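A.B. asks: Take a look at this one; I'll ask things after.
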């Protein structure tokens, strides 16, 4: 909860479903920005020592594909993002 910047009193007064939503959003944010600054060549060289990086790279690309359209001008609705 430290990452959310909430005090203990705020946590106690916030409904559980809101806290769960905040934690889910924080997790999504962390995945979405976990590999910023790396490209596929960097991942290939790092994966030689740590093969688990490929899984993290796949999750990162899936999240980026979910929120950032590959084509310019493609409009995504809010309900489309929630699927």
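Numbering (my numbering), first residue to last: -4 to 78.
The C-beta atom is built at its ideal place from N, Cα and C for all residues, glycine as well.
Predicted model, so just to flag it, every value in this text is computed and none were measured.
#1: Suppose only complete runs of 4+ residues qualify. What are the alpha helix (DSSP H) ranges in the region 6 to 56, listed by chain order?
#2: Do residue 27 and residue -1 have their C-beta atoms closer together than 8 Å?
#3: Rounded to whole angstroms, what is the Cα-Cα separation between residue 23 and residue 42?
#4: Note down the Cα distance separating residue 45 from residue 8, rounded to an integer number of angstroms.
#5: So what's residue 1 in DSSP terms, helix, strand or just coil?
#6: Can you tell me which of the three DSSP states residue 63 falls into?
#7: In angstroms, rounded to a whole number, what distance separates the CA positions of residue 34 and residue 61?
C.D. replies: According to the structure shown:
#1: For the region 6 to 56, whole alpha helix (DSSP H) runs of length 4 or above, ordered along the chain, are 11 to 27 and 35 to 42.
#2: In this structure, residue -1 does not lie closer than 8 Å to residue 27 by Cβ.
#3: Distance from the CA of residue 23 to the CA of residue 42, rounded to the nearest whole angstrom, comes to 23 Å.
#4: Each residue's CA atom was taken as its position, placing residue 45 and residue 8 some 42 Å apart.
#5: Three-state result, residue 1: coil.
#6: Correct three-state label for residue 63: coil.
#7: Approximately 18 Å, taken between the alpha carbons.
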